[in-house]
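Notes to accompany the following structure.
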Amino acid sequence: MTTDEVQEQITAEFEAFDDWMDRYNLLIELGRELPPVDQAEKTNEYLIEGCQSKVWLVPEFRNGLLFFKADSDALITKGIVSLLVRVLSGRTPREIKNANLWFIDKINLRQNLSPTRSNGLLAMIKQMRLYALAFELKNPDKTA
Amino acid sequence: MKKITEIRKDFSILSTSVYGKPLVYLDNAATTQKPSCVIEAMNEVYTEYNANVHRGVHFLSDKASEAYENAREKTRAFLNASQKEEIIFTPGTTGSINLVAYSFGERFVKKGDEIIISTLEHHSNIVPWQMLCDRKGATLKVIPVDDNCRLVFEEYTRMLSKKTRLVAVTQVSNATGVVLPVKEIIEEAHRYNIPVLVDGAQGVQHGMNDVMETDCDFYAFSGHKIYGPAGIGVLYGKREILESMPPFQGGGDMIEKVTFEKTTYNALPFKFEAGTTNFPGAIGLARAIDYLRETGPEYIESLEKDLLSYTWSALSEIPGLKMAGGSVPGVPVFSFNLEGVHHYDAGMVLDKLGIAVRTGNHCAQPLIERLGLDGTIRASLCFYNTREEVDTLIEGINRVRDMFF
Numbered sequence: 000m001t002t003d004e005v006q007e008q009i010t011a012e013f014e015a016f017d018d019w020m021d022r023y024n025l026l027i028e029l030g031r032e033l034p035p036v037d038q039a040e041k042t043n044e045y046l047i048e049g050c051q052s053k054v055w056l057v058p059e060f061r062n063g064l065l066f067f068k069a070d071s072d073a074l075i076t077k078g079i080v081s082l083l084v085r086v087l088s089g090r091t092p093r094e095i096k097n098a099n100l101w102f103i104d105k106i107n108l109r110q111n112l113s114p115t116r117s118n119g120l121l122a123m124i125k126q127m128r129l130y131a132l133a134f135e136l137k138n139p140d141k142t143a
Numbered sequence: 000m001k002k003i004t005e006i007r008k009d010f011s012i013l014s015t016s017v018y019g020k021p022l023v024y025l026d027n028a029a030t031t032q033k034p035s036c037v038i039e040a041m042n043e044v045y046t047e048y049n050a051n052v053h054r055g056v057h058f059l060s061d062k063a064s065e066a067y068e069n070a071r072e073k074t075r076a077f078l079n080a081s082q083k084e085e086i087i088f089t090p091g092t093t094g095s096i097n098l099v100a101y102s103f104g105e106r107f108v109k110k111g112d113e114i115i116i117s118t119l120e121h122h123s124n125i126v127p128w129q130m131l132c133d134r135k136g137a138t139l140k141v142i143p144v145d146d147n148c149r150l151v152f153e154e155y156t157r158m159l160s161k162k163t164r165l166v167a168v169t170q171v172s173n174a175t176g177v178v179l180p181v182k183e184i185i186e187e188a189h190r191y192n193i194p195v196l197v198d199g200a201q202g203v204q205h206g207m208n209d210v211m212e213t214d215c216d217f218y219a220f221s222g223h224k225i226y227g228p229a230g231i232g233v234l235y236g237k238r239e240i241l242e243s244m245p246p247f248q249g250g251g252d253m254i255e256k257v258t259f260e261k262t263t264y265n266a267l268p269f270k271f272e273a274g275t276t277n278f279p280g281a282i283g284l285a286r287a288i289d290y291l292r293e294t295g296p297e298y299i300e301s302l303e304k305d306l307l308s309y310t311w312s313a314l315s316e317i318p319g320l321k322m323a324g325g326s327v328p329g330v331p332v333f334s335f336n337l338e339g340v341h342h343y344d345a346g347m348v349l350d351k352l353g354i355a356v357r358t359g360n361h362c363a364q365p366l367i368e369r370l371g372l373d374g375t376i377r378a379s380l381c382f383y384n385t386r387e388e389v390d391t392l393i394e395g396i397n398r399v400r401d402m403f404f
C-alpha cells in the first residue's frame, strides 16, 4: 500500500466516529496494541522529550527500507504515534521524506501537533524524516 | 452582594461553548478571565484618549498620563504601600523579578554571596537568580520541602548567614496550591537585615496583597492573574532599596538629563520604567482592582473558601486520585494524578468535555521532580467558578478513569 492508501484507511476508521470520546477510545486502543519499545532501548538516544509526554523512536534500516518502533508514556500520544508508524514504517527513505501526512488534518489531530502542545509528536515526525535523510546520505547506492 | 449568576455575566467568555459543551474554565492559576469593565476601560483608552504618557503638551497626552498615574495610585492603595513612587509597572511578574535580579544584583551581590529561594518556586523565580549567581559568582541556596510539599523551616533558618544577600520566595506554589509562611520567612530574614522578595503571582488574587502586613521588601505580581490584562505587571519595592539600585534598562522617560558624556537618571518610579510603558495595561489593571473592591474582597474570599472545601471533599472521594500537595491546599488550586493515567491523557479527554485544566510540570520542574512525579493535572478555581462546574469536573475525571482502566 502507498502512504496515501494507508492514510485513507486510517481516515475511514476515524470517520466512523463523530464523538471525540469515541475517537480517543480508538486512539487508546491503538496505543495499547502498539508493541512497547523494550525498556533497554528507552535511552536518551531514542527519547524525544516533549514538555508533557515523552516519545521514544527507534529506527532500523533493513533491505533499503526504514522501519520504526515507537512508544510513549501517554496512551493517547502513543495512539497517534502508532498511526505515524503505520504510515511511515517499512518505507524507503525517499517515501518518508516526501510523504504528505494529510490524514492528521483530515481526522482533526492537528491540534496535537502544534509546536506549543509539546507532546513530542511534531518532533517525532521531524526525527523520522531526519533518520530517512541520514540513512539516504550514508547509503547512497541502496536507496537510489 | 452580587449573585454568582450576576458575577458570571461580567465575564462573558464564561458562557461560551467548546466542542459543543459549555466551557468549564478551571485554569485560573495560568490566567484569569477579564470582566467586561476591564475590556471596556482598555477600549476607552484606545478610542478616547490614546497618547504617549509623560511626553506630550497636548490634551490627550495629559489625560493618558493622568489615567496612568491614577492607576499607579490605585495599585498603591491595593497593595497598602506607603508611597506611589514604590509602584513600578513592568510587563509581569517575570519582568519584575528580572528587574530586581539585575538591578539589586548589580549593586549588592558579589562573589561568594548567597541568594535563598525555595523548592516551591516557579521557573521565573529560579532562573533570574541562577543567571545572577552565574554573573557574580554567587551561590543559589534552596530551602527544601518535605514529602507533603511543606517548607522545612528549620533548614531555612540554618541557611541564613552573613553571606545571604536576598531571600526570594513565592506566596503560593503555582503547581500545588500550597501556601508558604511568608510572614515568618520575612521576620526571620529581617532579624539579619536581609531583604525579601515575594513572588505574589499566585497569592495576589487570593487576598494576600498587603505589603505592609508582611513587611516584604519587594513584591511582584502580574495583571493577567488578577482579572486584568496580560503584559502588565507590578513591582513594589521599599523606597530606600529602590533608590539605592541602579536602573534596569536605559531609554526614554527614565532619564533626567542626557549628554554623550554623562546621563543622570529620573526619580522613582520612572527610573525603572524605560521607554513607553504599557499604560493601557496599567489602566486596565486598575479597573480590575476596582472591580475586586466593588465585588468585595471578603465576599470573594467566602466564595473561594466554599469552592475550596467543596472541591477538596469531592476529589477526595475519587478512588486512585492522589493529591500532589499532600493535605488541603490553602487556595482553590488542586494538583493531582489518577492512578494508571498519564496526566496529559487526562487533560486531553477533559478538554474535549469542555473542561480547561492544565497538565504537566507547571513551570516548576524542580518541585515536580522532588515529589517524584513527571507532571500533574491542575484544576485552579476562582470566585466566578461554581459548584456545578466542580461537579462537571468530577464527572469528567470519572469518565477519564473509565476510559483508561
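So the protein lines, in turn, are chains A and B.
So the first sequence is numbered by numbering that gives the first Met the number 0: it starts at 0 and just counts up by one.
So the second sequence is numbered by numbering that gives the first Met the number 0: it starts at 0 and just counts up by one.
Don't be surprised by glycine CBs; every beta carbon is placed ideally from N, CA and C.
Point to revise | chain A contacts from the segment 313 to 333 of chain B (Cβ-Cβ distance under 8 Å) | key: Sequence-ordered contacts of the segment 313 to 333 of chain B with chain A are nonexistent [C-beta pairs closer than 8 Å].
Point to revise | 3-residue-minimum beta strand (DSSP E) runs that sit fully inside the segment 126 to 185 of chain B, ordered along the chain | key: Complete beta strand (DSSP E) runs here, min 3: 138 to 142, 163 to 169.
Check your understanding: Any C-beta of chain A sitting closer than 7 Å to the C-beta of Y343/B?
Key -> Here residue 343/B is taken as the residue at index 344 of the second sequence, counted from 1. Taking Cβ atoms only, chain A reaches closer than 7 Å to Y343/B, which makes this a yes.
Point to revise | Residues near E338/B in its chain [Cβ-Cβ closer than 6 Å; skip 5 each side] | key: Sequence index remark: in the second sequence, residue 338/B carries index 339 (1-based). Correct list, in chain order: G319.
Review point. Rounded to a whole number of angstroms, what is the C-alpha to C-alpha distance between V257/B and P279/B?
Key: As a position in the second sequence, residue 257/B is number 258, starting the count at 1. As a position in the second sequence, residue 279/B is number 280, starting the count at 1. Their backbone Cα atoms lie some 28 Å apart in a straight line.
Check your understanding: Is the segment 304 to 319 of chain B touching the segment 156 to 170 of chain B, taking contact as three or more C-beta pairs under 8 Å?
Key -> Short answer: they don't touch.
Check your understanding: Is the Cβ-Cβ distance between G206/B and P328/B less than 7 Å?
Key -> Along the second sequence, read from residue 1 onward, the residue named residue 206/B stands at position 207. Along the second sequence, read from residue 1 onward, the residue named residue 328/B stands at position 329. P328/B is positioned such that its CB atom lies no closer than 7 Å to that of G206/B.
Check your understanding: Would a check of beta-carbon distances place Y23/A closer than 7 Å to chain B?
Key -> Position 24 of the first sequence, counting from 1, holds the residue named residue 23/A. Yes, Y23/A lies at the interface with chain B (some Cβ there is under 7 Å from its Cβ).
Check your understanding: Residues in its own chain within less than 6 Å of K237/B by CB, not counting five upstream and five downstream?
Key -> Here residue 237/B refers to the residue found at position 238 when the second sequence is read from its first residue. Within the same chain, K237/B has close Cβ partners D216.
Check your understanding: Going by alpha carbons, who is nearest to F103/B out of E297/B, I288/B, V195/B, Q204/B?
Key -> Taking the second sequence and counting its residues from 1, the one referred to as residue 103/B is at position 104. Comparing Cα positions, the closest option is V195/B.
Review point. Tell me the DSSP bridge mates of P21/B?
Key: The count along the second sequence starts at 1 and reaches residue 21/B at position 22. According to DSSP, which records beta bridges pairwise, P21/B is partnered with S16/B.
Exercise for review: State the Cα-Cα distance for the pair K20/B and N24/A, rounded to the nearest angstrom.
Suggested key: Walking along the second sequence from the start, residue 20/B turns up at place 21. Walking along the first sequence from the start, residue 24/A turns up at place 25. CA-to-CA, the gap between K20/B and N24/A works out to about 19 Å.
Practice item. Measuring alpha carbon to alpha carbon, tell me which of G119/A, F60/A, E44/A, D37/A ends up nearest L83/A. Key: For the purposes of this step, residue 83/A is taken as residue 84 along the first sequence, with counting starting at 1. Ranked by Cα distance from L83/A, the first of G119/A, F60/A, E44/A, D37/A is G119/A.
Exercise for review: Specify whether the segment 80 to 88 of chain B and the segment 267 to 283 of chain B touch according to this definition: at least 3 beta carbon pairs, one from each stretch, less than 8 Å apart.
Suggested key: Result yes; three or more Cβ-Cβ pairs closer than 8 Å.
Exercise for review: Output yes if chain A places a C-beta closer than 7 Å to the C-beta of G339/B; else output no.
Suggested key: The sequence position of residue 339/B within the second sequence is 340, counting from 1. By this cut-off, G339/B is not an interface position.
**Study point:** Minimum length 4: unbroken alpha helix (DSSP H) runs contained in the segment 190 to 246 of chain B
**Key:** Annotation note: the segment 190 to 246 of chain B contains the following uninterrupted alpha helix (DSSP H) runs of length 4 or greater, listed N- to C-terminal: 210 to 213, 238 to 243.
Practice item. Please look up how many angstroms separate the CB atoms of V399/B and L349/B, rounded, as I've assumed it's under 8 Å. Key: As a working note, residue 399/B is residue 400 in the second sequence. As a working note, residue 349/B is residue 350 in the second sequence. Confirmed, Cβ separation roughly 7 Å.
Practice item. Check the Cβ-Cβ distances between K20/B and every residue of chain A, and say whether any is below 7 Å. Key: The residue given as residue 20/B occupies position 21 in the second sequence. Interface annotation, K20/B: not in contact with chain A, CB-CB separation never under 7 Å.
Check your understanding: Which runs of the alpha helix (DSSP H), 4 residues or longer, sit entirely within the segment 254 to 313 of chain B?
Key -> DSSP runs (the alpha helix (DSSP H)) wholly in the segment 254 to 313 of chain B: 278 to 294.
**Study point:** Cβ shell of E388/B (< 6 Å), same chain only, five flanking positions each side left out
**Key:** Residue mapping note: residue 388/B aligns to position 389 of the second sequence, counting from 1. Only residues of its own chain outside the window of five on either side were considered, and among them V23 have a CB closer than 6 Å to the CB of E388/B, listed in chain order.
**Study point:** Beta-carbon proximity list for A143/A, same chain, < 7 Å, skipping 5 on both sides
**Key:** Here residue 143/A refers to the residue found at position 144 when the first sequence is read from its first residue. Bear in mind that the predicted position of A143/A carries a pLDDT of just 48, short of 50, making it unreliable; the figure below should be weighed with that in mind. Contacts found: none.
Review point. In chain A, which residues lie with their C-beta within 8 Å of the C-beta of G395/B?
Key: Here residue 395/B refers to the residue found at position 396 of the second sequence. Going along chain A, no residue has its Cβ under 8 Å from G395/B, so there is no contact; the nearest lies around 11 Å.
Review point. What are the start and end residues of each continuous alpha helix (DSSP H) run of 4 or more residues lying completely inside the segment 74 to 111 of chain B, in chain order?
Key: The qualifying runs are 92 to 107.
Practice item. Give a yes or no on whether 7 Å exceeds the smallest Cβ distance from T2/A to chain B. Key: Within the first sequence, residue 2/A is the residue found at index 3, counting from 1. Chain B, which has no Cβ nearer than 7 Å to the Cβ of T2/A, makes this no.
Practice item. Taking F220/B and T93/B to be in contact with their CB atoms under 8 Å, please state how far apart those CB atoms are, rounded to whole angstroms. Key: Translated into the one-based positions of the second sequence, residue 220/B becomes position 221. Translated into the one-based positions of the second sequence, residue 93/B becomes position 94. 11 Å between Cβ atoms; not a contact.
Review point. Of all the CB atoms in chain C, is at least one closer than 7 Å to the CB of I79/A?
Key: Reference to chain C is not applicable here, since the protein chains of this structure are A and B.
Review point. With distances taken from CA atoms, which of T76/A, F60/A, V36/A, P34/A is nearest A131/A?
Key: As a working note, residue 131/A is residue 132 in the first sequence. Answer by Cα proximity: F60/A.
**Study point:** Pairwise C-alpha distance: L291/B and K351/B
**Key:** Within the second sequence, numbered from 1, the residue matching residue 351/B stands at position 352. Within the second sequence, numbered from 1, the residue matching residue 291/B stands at position 292. Between K351/B and L291/B, the C-alpha separation is close to 32 Å.
Review point. Should Q199/A be flagged as near chain B, meaning a C-beta pair shorter than 7 Å?
Key: Summary: the structure shown does not reach residue 199/A, with chain A confined to residues 0 through 143, and so no result is reported for it.
Review point. Does the separation of the CB atoms of H122/B and C362/B fall below 7 Å?
Key: By 1-based counting over the second sequence, the position of residue 122/B is 123. By 1-based counting over the second sequence, the position of residue 362/B is 363. Taking the C-beta atoms as reference points, C362/B is found nearer than 7 Å to H122/B.
**Study point:** Element boundaries [beta strand (DSSP E), containing E5/B]
**Key:** Translated into positions along the second sequence, residue 5/B becomes position 6. Where E5/B is concerned, there is no enclosing beta strand (DSSP E), although the alpha helix (DSSP H) it sits in stretches over 3 to 9.
Practice item. State the Cα-Cα distance for the pair A266/B and I282/B, rounded to the nearest angstrom. Key: Residue numbering aside, residue 266/B sits at position 267 when the second sequence is read from its first letter. Residue numbering aside, residue 282/B sits at position 283 when the second sequence is read from its first letter. Cα-Cα distance, rounded: 22 Å.
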